[in-house]
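Student:
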Ligand SMILES: C[S@@+](CC[C@H](N)C(=O)[O-])C[C@H]1O[C@@H](n2cnc3c(N)ncnc32)[C@H](O)[C@@H]1O
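Residue numbers (my numbering): 1 to 201.
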């Protein structure tokens, strides 16, 4: 039987499990994170995720979504910075969801939950004050454009959407797409070859 090549967004990775844990301090929050093969950015925080975390504003949010959470670094730091908020982390990749579950527990995060599924399917009918994403660029523009459109539809009035992308991987084209769905779009971060955009409803 032919097998599809495995990507970090493969729903059921079969690559060898070799978990590694690392420690990082992001926005003043120290986290210890289990990572593995078959999940994005094994063994270190992705520089794009660092830029996203540096630029995001979770002040006053009651409900936060980390869309495409990987092993959970963005949502876990958001949950620590906004202890009164409830954070939902989602990913299509079962191994990512398993690691996130483990990382929520080992970092003593009690105001968050993880759900598996494609795009907004695991949070259908839910709305959020802040949506954070380091999107799966390699899955293609059609996937990322759909996530942008659906994010606008899943925000409260005055809600905020944050997206990070590599400048050389079409960040500006994502900002342009965001402008089709959000009345206000601004670049709020830049560094290490990435740009962070904020869309406000
Ligand atoms: C660039 S990675 C970012 C991971 C994590 N947020 C981080 O910062 O390390 C994008 C994530 O989106 C997930 N993903 C890809 N396609 C998806 C989809 N259709 N629905 C939900 N998640 C998806 C991938 O499995 C991957 O974990």
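Here a beta-carbon is modelled for each residue, glycine too, at the ideal position from N, C-alpha and C.
1. Note the first and the last residue of the continuous alpha helix (DSSP H) segment covering residue 172.
2. Does DSSP put residue 1 in a helix, a strand or coil?
3. To the nearest angstrom, how far is the alpha carbon of residue 162 from that of residue 105?
4. So, do the stretch 85-105 and the stretch 162-175 have three or more beta carbon pairs nearer to each other than 8 Å?
5. Verify the contact flag: residue 92, CB atom, against every heavy atom of ligand 1, threshold strictly below 7 Å.
6. State yes or no: is the C-beta of residue 196 within less than 8 Å of the C-beta of residue 51?
7. So if DSSP puts residue 113 in a beta bridge, which residue, or which two residues, is it bridged to?
8. Just to check, is the beta-carbon of residue 73 closer than 7 Å to a non-hydrogen atom of ligand 1?
9. With a cut-off of 8 Å on the beta carbons, I'd call residue 27 and residue 81 a contact; round off their distance for me.
10. Quick one, which of 8, 18, 72, 189 has its alpha-carbon nearest residue 31's?
11. Determine the contact status of residue 93 and residue 10, defining contact as a CB-CB distance below 8 Å.
Tutor: Considering the structure as presented:
1. 171-181
2. Its pLDDT being 42, under 50, residue 1 is placed unreliably by the model, and the measurement read from it follows with that caveat. Three-state result, residue 1: coil.
3. 25 Å
4. no
5. yes
6. yes
7. 88
8. yes
9. 6 Å
10. 72
11. yes
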